[in-house]
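Under this note's numbering, the first residue of the sequence shown carries the number 246, and numbering increases by one thereafter.
What follows is a single structure, written as structure tokens, with notes after it.
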Amino acid sequence: MTDNLMDKVISLCKRRGFIFQSSEIYGGLSSTWDYGPYGVELKNNIKAAWWRSCVQERDDIFGVDTAILMHPKVWEASGHIQNFFDLKRDCSSCKQWFKEADLGGDKNKCPECGAKLTEGKPFNLMFKTHQGPVEESANIVYLRPETAQGMFVNFLNILDSRHPKLPFGLAQIGKAFRNEITPGNFTFRTREFEQMEIEYFTYPQGSDEMYEKWVEERFNWYLNLGINPQNLRKRQHQKDELAHYALACTDIEYQFPFGFSELEGIANRTDFDLKQHEKFSGKEMTYFDDTKKEKIYPHIIEPSGGVDRATLAFLMDAYSEEKVKEETRVLLKLHKNLAPVKAAVLPLLKNRPQIVEIAKKISWDLKKSFAAVYDDTASIGKLYRRQDEAGTPFCVTVDVQSLEDLQVTVRERDTMEQVRVEIDNLKRYLLEKLTN
Ligand code: ATP
């Protein structure tokens with residue numbers, strides 16, 4: 246199944262309203278995607294799970310939401326203006342271009358038509374635009390290529406407003422933009438994407454242990470949300486892959502159909518970022534250590550993940566096919582916390598007003614506690630299939646018997662097991678299943 250898993254997932258995403266091609270009615274904008282009704286719920290649930298685990302369940306991490314547009318000096322200090330390049334090679338014959346790092350053996354030969362490629366030329370990945378009505382160099386601003394810098398530049402604001410003690414961190418989720426030379430593999434590499442990043446400030450002594458702790462913590466986050474351990478691995482960067490200031494970096498990689506690829510990177514960035522911003526802003530970026538009565542530059546551990554890549558990995562991992570009575574049942578075995586809809590309420594007969602009325606009432610009641618839907622737009626078999634493909638853990642069916650015994654049938658997505666549950670007890674029953 247892995248051979249065409251990507252095609253199957255892309256097709257399910259369109260069929261069920263998870264992800265659509267952007268501007269499709271105009272032929273689409275290449276490698277740009279829109280999240281549909283189920284897609285946005287799934288993505289929101291992933292972000293909420295991250296926020297809960299990285300901010301709300303801790304008392305040492307503060308959430309922020311910083312601007313996409315920043316002072317251009319930020320990108321000088323961070324090194325993005327000077328160093329955020331990929332090497333690009335062009336084909337003069339078929340007019341295609343390639344990222345040098347993606348080219349296999351012969352980097353001079355066009356993989357499409359065999360003609361000679363140009364030398365690799367540096368291509369800055371930042372999107373550049375102008376702030377205000379005058380397009381001149383003094384007004385240049387960039388769409389941020391990472392959310393991280395918004396946190397470094399707020400380091401002093403957090404010290405002054407929240408008075409945290411080391412170690413502590415900042416976290417944010419937000420859009421980032423990179424003018425990638427070769428985007429592709431569905432939502433894996435795009436030019437507009439979302440990141441979930443933490444900047445964790447810690448004592449220089451022991452920063453390597455803190456880094457190891459974060460690698461484990463972030464790896465387990467994916468496993469706890471149901472990723473198959475066989476599809477997840479850690480890849481430690483070799484010395485020659487590391488940025489000159491970094492002490493260590495590990496990628497958490499998922500086994501996509503196109504091979505193990507990065508979901509998230511965890512790096513020990515030392516004190517590089519704070520010192521750079523001190524140099525460029527003229528503001529002292531230190532922390533006062535009360536115990537030793539001295540100023541220090543904390544080291545920074547940065548777990549930096551992509552929301553869209555995580556979403557794609559959870560979709561890929563959840564996609565399953567089963568043979569049921571000679572038919573193929575397609576389902577998304579999403580973790581219950583991530584499933585876009587937790588319960589679908591379905592009337593067995595939509596021409597019986599009493600059944601419809603009860604089903605609608607149940608769904609309104611469930612909606613107050615979790616994501617629930619009412620659907621009567623097809624036969625029960627079709628409705629089950631749709632909900633299986635959307636990853637809905639529970640279907641609740643109201644039938645003729647419900648009118649007499651005041652019970653409904655609850656069907657579990659993965660096992661297809663059905664049990665009768667009293668309507669009065671339904672919400673408690675589902676909540677228990679959804680929270681355990
Ligand atoms: P890659 O090597 O795949 O280009 P990277 O090492 O440049 O990624 P980082 O700068 O570490 O990526 O960014 C942190 C995270 O942001 C990545 O792990 C990934 O999940 C996400 N990300 C980065 N670039 C993209 C992109 N073009 N499209 C989607 N997600 C991205």
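All C-beta atoms, glycine included, are put in the ideal place defined by N, C-alpha and C.
Given the structure is predicted, the values throughout are model-derived calculations rather than measurements.
Relative to residue 482, the option among 474, 653, 469 and 494 whose CA is nearest is 494. Residue environment: residue 339 is assigned as exposed (fewer than 16 neighbouring CB atoms within 10 Å of its CB, all protein chains considered). Contact between the region 639-653 and the region 589-607 is present: three or more C-beta pairs spanning the two stretches fall below 8 Å.
For the pair residue 444 and residue 547, the CB atoms are nearer than the 8 Å cut-off.
Short of 7 Å from the beta carbon of residue 666, and not among the five residues preceding or following it, lie these beta carbons of its own chain, in chain order: 652, 653, 655 and 674. A direct Cα-Cα distance of roughly 22 Å separates residue 275 from residue 504. The Cβ-Cβ distance between residue 300 and residue 399 does not fall below 8 Å.
Shown here, residue 598 sits in a helix according to DSSP, grouped into three states. In the structure shown, residue 451 falls within a coil segment according to DSSP collapsed to helix, strand and coil.
The Cβ neighbour count for residue 325, taken over all protein chains shown within 10 Å, is at least 16; the residue is labelled buried.
Runs of the alpha helix (DSSP H) lying entirely within the region 246-294, each at least 4 residues long, are 250-261 in chain order. In the structure shown, residue 394 adopts helical secondary structure according to DSSP, grouped into three states. A direct Cα-Cα distance of roughly 13 Å separates residue 394 from residue 420.
Look at the beta carbons and you see the region 278-288 touching the region 551-571: at least three pairs across the two are nearer than 8 Å. Judged by DSSP in its simplified three-state form, residue 608 adopts helix.
Counting only the Cα atoms, residue 544 lies some 56 Å from residue 604. Under the three-state reduction of DSSP output, residue 518 falls in the helix class.
Taking 7 Å as the cut-off, the C-beta of residue 435 counts as close to a heavy atom of the ligand ATP. For residue 584, no alpha helix (DSSP H) segment is defined, and its DSSP state is neither H nor E. When the alpha-carbon of residue 660 is set against those of 578, 517 and 267, the nearest one is in 578. The region 330-346 and the region 414-430 touch, with no fewer than 3 CB-CB distances between them shorter than 8 Å. Under the 10 Å beta carbon count, residue 382 is surrounded by fewer than 16 other beta carbons and is classified as exposed. Separation of residue 678 and residue 627 (C-alpha to C-alpha, rounded to the nearest whole angstrom) is 24 Å. The Cβ atoms of residue 564 and residue 254 sit closer than 8 Å to each other. Non-local beta-carbon contacts of residue 593 in its own chain, meaning distances under 8 Å to residues more than five positions away in sequence, involve 600, 625, 642, 643, 644 and 645 in chain order. For the set 454, 313 and 465, the Cα lying nearest the Cα of residue 439 is the one of 313. Of the residues 622, 473 and 469, the one whose Cα lies closest to the Cα of residue 681 is 469. One alpha carbon belongs to residue 616, the other to residue 260, and they sit about 20 Å apart. Annotation for residue 566: 573 and 575 place their beta carbon closer than 6 Å to its own, counting only its chain and skipping 5 residues before and after. Buried is the label assigned to residue 589, since at least 16 other Cβ atoms lie within 10 Å of its Cβ.
Listed in chain order, the alpha helix (DSSP H) elements of length 4 or more contained wholly in the region 415-492 are 452-469.
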